[in-house]
Each structure stands twice: as structure tokens, then as C-alpha cells.
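Data first, discussion second: the structure below is written as C-alpha cells.
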Amino acid sequence: MRYVWTLLAFLVGLVPLVAPLAPVPHPALTVATALWIAALVWIAPDRPEWALLLTAPLFAVNNLWAQAITTIVVFTACRRLPRLGRLWALLGIMTLLQTAFSQFQESYRSMPLWEAVAGAVIGSVFFVLFPAVSGMLLGRRKPMVRLLQERNEYLERARALTAASARADERAHIAGEMHDMLGHRLSLISIHAGALELTTARKAPQLHEQAELIRTTSSLAMAELREILGVLRTNPEPESLDEDTGTRSDIAALVEGSGLAASLDWSGDDLHGADQRTRRAVHRVVREALTNVAKHAPSARTRVQVAVQAGRARIQVVNGPSPATPGRGTRRGLIGLEERVGLLGGSFSAGPPVEGGFRVAADVPLNPPAQADLTATEAVEVPPPLAAEVLTVPRVLGGGCLGLLTLLPIAGALIVLLLFALLNPTQMNAPYFDSLRVGVTAEGDVYEEFGLGQLGVDGCSRFRTSHNPDLSYKLCFRDGRLSSKEQERT
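In C-alpha cells, the structure reads:
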């Protein structure tokens, strides 16, 4: 691609030989400027400082096409310069050099000083300022995009680690509950086995050995359970859970003690006969949902619904919109609930409904299988970004602005070329003026050589001279032929 841009720059520099916008310099000088601008395009990515400074000599030659290509050189060089202070210093020196070299052009030498300076300033705005700003913005876009990508990857990893940590904490919490529940059962077995051992020692000596085996086995199982599951407990003082946990009275107590404007709607049977794991899950879902409402929307009305039917318990906690802006939590509690419900073979969802607010819903079996399917919870998958995270209005506008900034230097250069071609009076030398013959010289020959000049209200064209800024040549044409010519003093 670098070769293509260099070749295009060289070809554009040769355009004045076939389509001049101003008096054409010597053909050899035109070819030299084309080679010069092509070389600058080639070295701009590697030597941006030298490329910027070496554009100045091009403005001493009346090759507007080659000067237009300097916008590409400035744009490319400014993308490669990371230090803003050094870049602005180079641009200032470059502008001064371009203004100084432009005074060597015949068109500038024949102008008043203020017109020459104004023309140089306007040219610097389009040939230097616009492409420089565009190049700087584009050059800093790639590092910024790379930084944002790294930040996004970090946040994705952090989100995955947070989810994994929440799942591990919930499993540890479940293990602690299992330790308490099974420990209580095994303690009862051990106590009854000890009583059985004493009874058989007196009344059935032949069963004494088996009774002793039951007692020692239950005691050993209790010790092993404490050793395996006890280390997983993250809370040295776990919450108090009893036989009423998850029942209607327990959920009603949670709703009443939440301190929120909450109501309970219970339909179906009570959960006294349900599995303990299910009742604990119902308790945890309602408690965590009410805790989140108290944190993020304490003034919102909340509705707790529990429906028990067809062997399943369906829980839904919905709060309305809050007048205050809700804070963004870590979602650790919700992830833990999802893990707990998933281990029971149920489903869980949490998110804002269409009408606003927040909704937490869970569906768990009353009697989950003893061997839960853990395959769905083993892998922690990072969800793909939402469409709103990928395609946002600022990013769409940013992409459009980037395209405009890229096209702006080119459009600006074309505008400057048109202004020079249309508004800058073309210079005519004295020998050519003397060679013009009234009634003989064709209108097309003059316009092809010097352009339209400056058209007056009388329909005649006026051309500035190359030797006297106060003198202009007035040429009038009729029926395609020169009808009169004269010199005018300004």
C-alpha cells in the first residue's frame, strides 16, 4: 500500500502538465516537485519530523497539485508523533517555512504584502492545521482502542472470577448447611446406637457386637463429616435455620421484618413436607431479593409471590421503579442464588422487567433428586457483550467523526485549489501581451494558456502582470476573437 500512495502522489504532482489550475512552471520543475512530494509520502511513516519540514520548499513552486498532497504527508506524519509538545513545535516551524517559501512564487510577489500573508495563512489552515489535527486524533485512537480492549478483557476476567467466587461461596455455604443438618442426624443415630448397645449388653448379648459397630460407625461418620465439610464453612456463626425455614410463616416473617413496603401473596400448600434443601432455597431467594430491594430501591413497593403446585415451588419478588437512581452491585448474591437453585435442578432469573424496577424469580422442585446434575454449573462461561455494549450512539457518532476527520484534509485541499483557480488572477507576461493581435487572437488560446483571469462587469478579463503588481492587462473578446486590449493601472 505504501508503494501505491507514493505512485499516486507522483502522478498527482504531474497533473499540472495536462490540467493546470494556475500558470504552469517549467515542465522540469513540475517533474521535480512530483518526485519531491512522492519522496515525502514515502518517508513520512519512518521520518515524520523530516517529512513535515521538507514540505516547505514545495510552496515556492506554483504546483498546486503537489501542494495538495502535502496534506497526506502532514496527516501521516502527525499520526506517528506521540509527543504533542514536539508535534506543535514542528507544525509551527513548518508553517513559518511554508509562509516564507511561498513568497518566492510569482503570484505572491505581485500581491500586496497583506494579501500574500493572508493567502499563506489560509493555505496553512487547510494544508497544515486540518490534516495535523486529523492525524493526531487518528494516531491516538489506536492506543486508546487498545487500552479500552485491555480494560474490557480485564473487566470480563474480573466478572468471571466474581461469578466463580460467588458460586464457590454458595457451595461452601451449602456444605456448611449440610454439615449442620447431617451432623444433627448422625448425632441422633450415635445416641440411639449407644442406648441400643447398653440394652443389648443386658438383654441380648448376641447383638451387642452389632450395636457397638453401629455406634462406632456413626461416630466415625460424624468425625469424617466434620473433617470434610467443616473446612468449607466460611461463616463461623452460620445463620439459624430450623424446621420452619422456607415455610409460609417463615417467609411472612421475612417480609414483615424487611422494613419495606412489601406484601406476600402465597398460593398452594405450605412447604412443611418439602425437602429441606428446597425450603432453604426458598428462604434464601426471598431474603436475598428483599435485601437487594433495601439496598437499591428502599422506597419502592415490593410484591413477594410464592406458588406451590404440580410438585414445584415458584418464587417471584418484584419491586417497582425507584425515584432514586439504583446503584450497581456486584451481583454476588444473585450468582450464589443461581448456583443454589441450579444444584437443585431448578431455574433462576434476575433482571429489570419492561415496566421498570427489578424482578427475581426462581422455580425449584419440592423434592429434588439426591444426585444433582452439576454439569451445568461446573463451567463458568463469560456471557458475550450485549448489543447495547457493542453498538452505542457515541461509538456510531465517533466512527462518523473519524471518517469526517480523515476526509477533511482532502476536502480542504480541494477547496483551496478551487479558490486559487477561481479567485487568484492569473499573471501574464509582457511579451505575450505584445504578441496578441486584435481580431486575430482566438479567445480559447488565451484562456487555455492563462485561464479566465479576473472577470469584470464589462465582460472583459483582467490579468495581473508578472513584473508590476500595479499593472494589469485588460482583454475583451467578441465572437471568439480579441476585440480590444489595453493596460490598466490599479
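Residues in the sequence shown are numbered from 916 upward in steps of one, following the numbering used here. All C-beta atoms in this analysis are idealised placements derived from N, C-alpha and C, irrespective of residue type, glycine included. All figures in this text were calculated on a predicted structure; none of them were measured in a lab.
>> Short of 7 angstroms in beta carbon distance, which residues of its chain neighbour Asp1190, apart from the five on each side in sequence? Order them along the chain.
In response: Leu1281, Asn1282, Pro1283
> Using 8 angstroms as the threshold, is the segment 1160-1168 in touch with the segment 1127-1138, meaning 3 or more CB pairs across them?
Replying inline: no
>> Check whether the segment 1248-1262 and the segment 1169-1176 are in contact - that is, three or more C-beta pairs closer than 8 angstroms.
In response: no
> How should Arg1379 be labelled, buried or exposed, when 16 other C-beta atoms within 10 angstroms of its C-beta is the threshold for buried?
Replying inline: buried
>> Strictly by DSSP, which residues pair up with Tyr918?
In response: According to DSSP, Tyr918 bridges with nothing at all.
>> Tell me the DSSP secondary structure of Pro1340 in three-state form.
In response: Unreliable positioning characterises Pro1340 in this predicted model, as indicated by a pLDDT of 48, which lies under 50. The coordinate reading is nonetheless provided below. Looking at Pro1340 - three-state DSSP - the assignment turns out to be coil, as it is neither helix nor strand.
> Which residue comes first and which comes last in the beta strand (DSSP E) that contains Glu1363?
Replying inline: Segment 1358-1365 is the alpha helix (DSSP H) holding Glu1363; no beta strand (DSSP E) there.
> Taking C-alpha atoms, which residue in Phe990, Arg1074, Ala943 lies nearest to Arg1247?
Replying inline: Arg1074
>> Here's a check: name, in chain order, each residue in its chain whose Cβ is nearer than 6 angstroms to the Cβ of Gly1050, leaving out the five neighbours to either side.
In response: Phe990, Cys993, Arg994
> For Asp1185, which residues of its own chain have a beta-carbon under 7 angstroms away from its beta-carbon, when the five flanking residues on both sides are left out?
Replying inline: Thr1162, Arg1163
> Exposed or buried, what is Ile952 when buried is set at 16 or more other beta-carbons lying within 10 Å of its beta-carbon?
Replying inline: buried
> Is it right to say Trp1003 is buried, meaning 16 or more other beta carbons lie within 10 angstroms of its own, or is it exposed?
Replying inline: exposed
> Taking the C-alpha atoms as reference points, what is the distance between Arg1404 and Val976?
Replying inline: 27 angstroms
> What's the gap between the Cα of Ala1126 and the Cα of Ser1133?
Replying inline: 11 angstroms
>> DSSP three-state label for Gln1013, please.
In response: helix
> How is the alpha helix (DSSP H) around Ala949 delimited, first residue to last?
Replying inline: 942-958
> Is it true that the CB of Val988 sits closer than 8 angstroms to the CB of Ala959?
Replying inline: yes
> Pick from Pro1213, Asp1159, Arg1216: whose alpha carbon is nearest that of Arg1192?
Replying inline: Asp1159
> Could you check where the beta strand (DSSP E) with Asn977 kicks off and where it finishes?
Replying inline: Note, Asn977: premise wrong, no beta strand (DSSP E); not H, not E.
> So Ala1276 packs on Gln1231, CB below 8 angstroms; how close in whole Å?
Replying inline: 5 angstroms
> Just to confirm, are Asn1234 and Thr1206 a CB contact at a threshold of 8 angstroms?
Replying inline: no
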